[in-house]
Each structure stands twice: as C-alpha cells, then as structure tokens.
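Here the sequence shown is numbered in this note's numbering, starting from -11 and rising by one per residue.
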Amino acid sequence: MFDKLFVLSQYLTPQLAVSRLAGRFADSEGSPALKDRVVKWFIGRYGVDMSEAAEPDPTAYASFNAFFTRALKPGVRPIAEGEKTLVSPVDGKISQLGQVTGDRVFQAKGQSFSLNELLGDNLQRTEAFSEGEFATIYLAPSDYHRIHMPMAGKLREMVHIPGKLFSVNPVTAEHVPNLFARNERVVCIFDTDAGPMAMVLVGAMIVGSVETTWSGVVVPGNGLVTDFQYEGEQAREFAKGEEMGRFRLGSTVIMVMPKGAVSWKENQVAGKTVRMGEAFGELA
C-alpha cells in the first residue's frame, strides 16, 4: 500500500518545479548556518562516511552541492588494474545487469524500457548497442556522487534528453513503466578499444542538475533533444578511473556496451553494493 501511495505521489508532484527549487537551495551560499544544519542532518540521516572525504569537516563546504559532490581522499577508491578489466564507474547498488533483448532493457520484475528511447530516439546511435550488454547502478543519497570512466575512452558525443523527473529508487523501478527512458538524462558516447560505450546519466526527482567535466552543468534547453558532437581537439581522451561527471543529488548511471564486448564479473549481481574502481567486467 505504501509503495502505491509513493508512486502516486510521484505522478502528482510538480517534478520540475520541486527539483529546480531544490537545486537552487543546494547551490546557494547565502546562509551558511542553514546550510550547515542541513548538511549535518543529511550526514546523520543517511550515514555519510565523512572519514573518506578529502575535506572531512562538514562546515567547510560553501554550499550543500559542494558537500554532496565532495572529493574523496587519494587512494580510498583504488582502480582495479588490467588492460581488459572494466571497473565500476560509481559507488552504488546494482539495479540490474545483463544483455539487451532486441530493443528492451530489463528494469525490474515486469518492467523494461526501450534502448532506442533511452539513447534519444536515434537508430543510428542505437544500432551499435543492439543485443548489447548493460549495467544499471543506483546511487543512494549516502554514496559518493562523482562518476568515473569504467575504461579508457575518447569522447565522441553528448546528448541531453529532456523528460520527467521520477525518483529512481527500487520502488519506482518496479512500478513506473519505461522509467529510465522517461526521465531527463544525459547520454555520453565514448569510443574505446572495445567499441563504442554509452554512459547514461539519469536525472531524478530533487536532482539539482547533472554536470560533466568537459561542459560543466548540462542546462536543459527548450524541451528538445540537444546533441553535441566532439571532433579533433574537442574529442577529449579519458583514462580508466578518470572523473567524467557528477550528480548534484542521487540518481542512476546506465552503462551500455556492444554485444560481446564485455562479460560482467560473476560476483556482480543485482542488489550488490559496489564501489567506484572495483573490477566490474572483463573486456573481450
């Protein structure tokens, strides 16, 4: 009963207005005392481990978002070695992983979503990932919220796709059809030694914004899909483990690889907690 009421509230809430308001507060540096109270409450409520943070003093951050996207101390997330080892791009919990079936990606029991819709309704972009491999990782509020490269790659394309802002927790994944292909998202396409790789940064309720290291905050446009192509010097190269983006409040990352490009590690299963940098898959 509670789950149904929670999902109903997601449909009734003015998602965009609430999320934008939360984003403005999270960015604000105007009231340090209020910010400190909120940060300390958040740490206690969600059990945030500040001993891992490069700056462990919760009052040292200029804004809530500065705290939320905090850096970690060097060495606390070692990057698994090996030329063929693909690593987890984030701290979080595996929602699902496996193989794309036709155009459908498994979301939760009884739910799936369209790969083509997820990537922006572009069959040419989607074709390379047909019957491919995917992994969906959910970032809880307590998690480290910077996103890193699971393997080395060269940036080719970034697509901002407007959409809804449903929460992306396990309850909504089970009850909201086509969830990840409905929410606002940023699709980043990289060329790698194993073929193209899509990193999809999915927005959600109360997520102030998504940002990338090459473009900063990805600002929603006029309600249309916005496509950015990168060539020449703009086609920046990233090393495995290098930061590529951040969530300003929690959400979900979906990795997609071509068919047979990667085999997920046997110990990586739905429901498992992962840490950025740990071995997640083996490249073919």
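Here a beta-carbon is modelled for each residue, glycine too, at the ideal position from N, C-alpha and C.
In angstroms with no decimal places, state the Cα-to-Cα distance between residue i and residue j.
{"i": "GLU121", "j": "TYR49", "result": "39 Å"}
{"i": "THR89", "j": "PHE117", "result": "11 Å"}
{"i": "MET243", "j": "TYR34", "result": "26 Å"}
{"i": "HIS133", "j": "ARG234", "result": "6 Å"}
{"i": "ARG58", "j": "SER100", "result": "33 Å"}
{"i": "GLU43", "j": "LEU60", "result": "8 Å"}
{"i": "SER76", "j": "PHE94", "result": "19 Å"}
{"i": "LEU189", "j": "ALA272", "result": "25 Å"}
{"i": "GLY191", "j": "PHE226", "result": "23 Å"}
{"i": "GLN256", "j": "MET187", "result": "18 Å"}
{"i": "GLY151", "j": "VAL205", "result": "17 Å"}
{"i": "VAL164", "j": "THR240", "result": "15 Å"}
{"i": "LYS81", "j": "LYS260", "result": "6 Å"}
{"i": "HIS185", "j": "ALA41", "result": "Reading off the sequence shown, one finds Met at residue 185, where the question assumed His. Roughly 29 Å between the two C-alpha positions."}
{"i": "PRO138", "j": "SER203", "result": "20 Å"}
{"i": "ARG236", "j": "VAL36", "result": "15 Å"}
{"i": "PHE30", "j": "GLU254", "result": "34 Å"}
{"i": "LEU106", "j": "LEU167", "result": "10 Å"}
Hey, residue i and residue j are a contact pair by Cβ (cut 8 Å); roughly how many whole angstroms apart?
{"i": "SER102", "j": "ARG92", "result": "7 Å"}
{"i": "ALA182", "j": "ALA249", "result": "4 Å"}
{"i": "HIS136", "j": "GLY229", "result": "5 Å"}
{"i": "MET232", "j": "THR201", "result": "6 Å"}
{"i": "ASP79", "j": "ASP131", "result": "4 Å"}
{"i": "ALA258", "j": "SER83", "result": "7 Å"}
Excluding sequence positions up to five away, which residues of its chain have a Cβ less than 7 Å from the Cβ of residue i?
{"i": "ARG144", "result": "ILE177, PHE178, ASP179, TYR218 and ALA223"}
{"i": "LEU9", "result": "Caution applies to LEU9, whose pLDDT of 48 falls short of 50 and renders its modelled position unreliable; the model cannot decide the point."}
Should residue i be labelled buried (16 or more other beta-carbon atoms within 10 Å of its own) or exposed?
{"i": "ALA169", "result": "buried"}
{"i": "ALA21", "result": "exposed"}
{"i": "GLU199", "result": "buried"}
{"i": "SER19", "result": "exposed"}
{"i": "PRO62", "result": "exposed"}
{"i": "GLU221", "result": "exposed"}
{"i": "GLY196", "result": "Confidence at GLY196 is low in this model, with a pLDDT of 49, below 50, so its placement is unreliable and no value can be given for it."}
{"i": "GLU172", "result": "buried"}
{"i": "GLY269", "result": "buried"}
Tell me which residues share the same chain as residue i and place their Cβ nearer than 6 Å to its Cβ, disregarding the 5 neighbours each side in the sequence.
{"i": "LEU85", "result": "ALA123 and TRP252"}
{"i": "PHE13", "result": "Reliability fails at PHE13, whose pLDDT of 46 lies under 50, so the model's placement of it is uncertain and the value that follows must be treated cautiously. Nothing listed; no residue qualifies."}
Give me, in chain order, the residues of the same chain whose beta-carbon lies closer than 8 Å to that of residue i; leave out the 5 immediate sequence neighbours on both sides.
{"i": "VAL27", "result": "PRO46, THR47, TYR49, PHE52 and PHE55"}
{"i": "GLY108", "result": "VAL147, ILE149, VAL175, VAL213 and ASP215"}
{"i": "ASN104", "result": "ASP91, ASN110, LEU111 and THR114"}
{"i": "GLN87", "result": "GLU119, GLY120, GLU121, PHE122 and LYS247"}
{"i": "GLY211", "result": "PRO150"}
{"i": "LYS142", "result": "PHE178, ASP179, THR180, ALA223, ARG224, GLU225 and PHE226"}
For a test of your reading of the model: does the CB of residue i fall under 6 Å from any non-hydrogen atom of the ligand NAD? Yes or no.
{"i": "ALA68", "result": "Among the components of this structure there are no ligands whatsoever, and the ligand NAD is therefore not found."}
Are at least three pairs of beta-carbons, each pair with one atom in the region 59 to 72 and one in the region 115 to 131, less than 8 Å apart? The region 59 to 72 vs the region 115 to 131: no contact.
Three or more C-beta pairs under 8 Å: does that hold for the region 256 to 267 against the region 60 to 68? yes
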